[in-house]
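Be aware that the sequence shown starts at 1, since it is given in the UniProt record's numbering, and climbs by one per residue.
The beta carbon of each residue, even a glycine, is placed where N, CA and C say it ideally should be.
Bear in mind the structure is a predicted one, so any value in this text is a computation, not a measurement.
Below is one structure, written out as structure tokens, with a few remarks after it.
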Amino acid sequence: QVKFSPVQSVTFWRRALSRKIVRVGVVSQLLVHPLKSGKALSVALAECLRTGLKFGELQDRHWMVVTEDGHMVTGRQEPRLVLIMEELKFPVKLSNNRVIDCRLFGEDIQGRDCGDAASSWLTRYLNAEKTYRLVHFEPHMKARKPCETEPLILSPGGGVPRCCPVMLLSEASVKDLSSKLDKMSLWSDSVLISSSATDSWEELQIGSVRLKRVMACGRCIFTTVDPETGIITRKEPLETLKRLAHH
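Spelled out as structure tokens, the structure:
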């Protein structure tokens with residue numbers, strides 16, 4: 001485990017084939033998403049664990065909204081989830097609440113139900129016709145396992161990222177894309193970095209923490225949710241990205 005801070009200009013390094021370490025950029029921002037598809041919390045310090053970033057008691061994507069039968073609910077189905085604020089308080093006594101079976105991207109996992117107060121608030125806030133529940137994932141609970149199709153998924157002890165615990169995003173690329181759009185797009189990155197040459201990196205090192213590249217992140221329909229209004233357009237930035245890819 002290690003703490004790192006963008007305020008102190010902690011540097012990113014690329015480990016070349018010769019094993020020589022080369023400085024390639026600086027950390028611009030650290031983001032923790034406590035609730036899957038919820039609003040990100042920008043922090044100055046974070047621990048980098050195998051399950052993702054951790055800030056105090058908040059761990060990245062360790063809370064999730066589910067249906068009453070345990071199926072995950074994301075911003076793809078309920079775009080207003082992206083508006084759920086940085087600070088949200090419920091009278092939750094997790095240790096006494098039931099553990100329920102959940103389904104995450106077709107896999108069976110477990111989560112601790114957060115009670116009726118959280119459920120009622122979420123259902124009303126999302127103006128949902130069905131009842132939603134809030135669940136929390138704990139280290140001892142049944143978690144996703146690597147499989148033949150996605151052998152490099154590493155999220156032991158809970159956590160509900162789509163694939164990998166940490167996602168890096170290039171600040172230069174974001175600024176370039178934003179200059180071609182009317183509004184800021186929604187991303188789910190954990191670490192924003194200043195360099196623009198991220199596609200060629202296989203390994204990164206931040207202090208004593210080494211990160212290995214698993215895959216490039218394909219852009220899904222979730223990126224078309226407006227982070228300010230919670231409205232999904234199903235168009236931008238995907239249409240612009242597709243057009244740029246053909247040039």
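In this structure, does DSSP put residue i in helix, strand or coil?
{"i": "Ser120", "result": "helix"}
{"i": "Val73", "result": "strand"}
{"i": "Ile231", "result": "coil"}
{"i": "Thr224", "result": "helix"}
{"i": "Lys180", "result": "coil"}
{"i": "Lys20", "result": "coil"}
{"i": "Glu236", "result": "coil"}
{"i": "Leu191", "result": "Reading the sequence as shown, one finds Val at residue 191 and not Leu. Note: Val191 maps to strand in three-state DSSP."}
{"i": "Glu202", "result": "coil"}
{"i": "Arg80", "result": "helix"}
{"i": "Leu241", "result": "helix"}
{"i": "Lys142", "result": "coil"}
Let me check understanding here. Comparing Cα to Cα, which of the options lies closest to residue i?
{"i": "Arg98", "options": "Glu78, Met85, Leu104, Leu134", "result": "Leu134"}
{"i": "His33", "options": "Met64, Ile206, Trp201, Asp182", "result": "Met64"}
{"i": "Gly38", "options": "Asp189, Ala117, Val214", "result": "Asp189"}
{"i": "His71", "options": "Gln29, Glu203, Ala44, Phe105", "result": "Phe105"}
{"i": "Ile84", "options": "Ala118, Asp108, Ile206", "result": "Ala118"}
{"i": "Val160", "options": "Arg50, Thr240, Ser200", "result": "Arg50"}
With a cut-off of 8 Å on the beta carbons, I'd call residue i and residue j a contact; round off their distance for me.
{"i": "residue 250", "j": "Ile193", "result": "Residue 250 cannot be examined here, being either before or after the span of the chain that is shown, 1 to 247."}
{"i": "Leu53", "j": "Val166", "result": "7 Å"}
{"i": "Arg80", "j": "Leu126", "result": "5 Å"}
{"i": "Pro139", "j": "Leu177", "result": "Between Leu177 and Pro139 the Cβ distance is about 37 Å, and since that is not below 8 Å, they are no contact."}
Tell me, which residues are paired with residue i by DSSP?
{"i": "Phe55", "result": "Leu58"}
{"i": "Tyr132", "result": "Thr67"}
{"i": "Arg103", "result": "His71, Asp108"}
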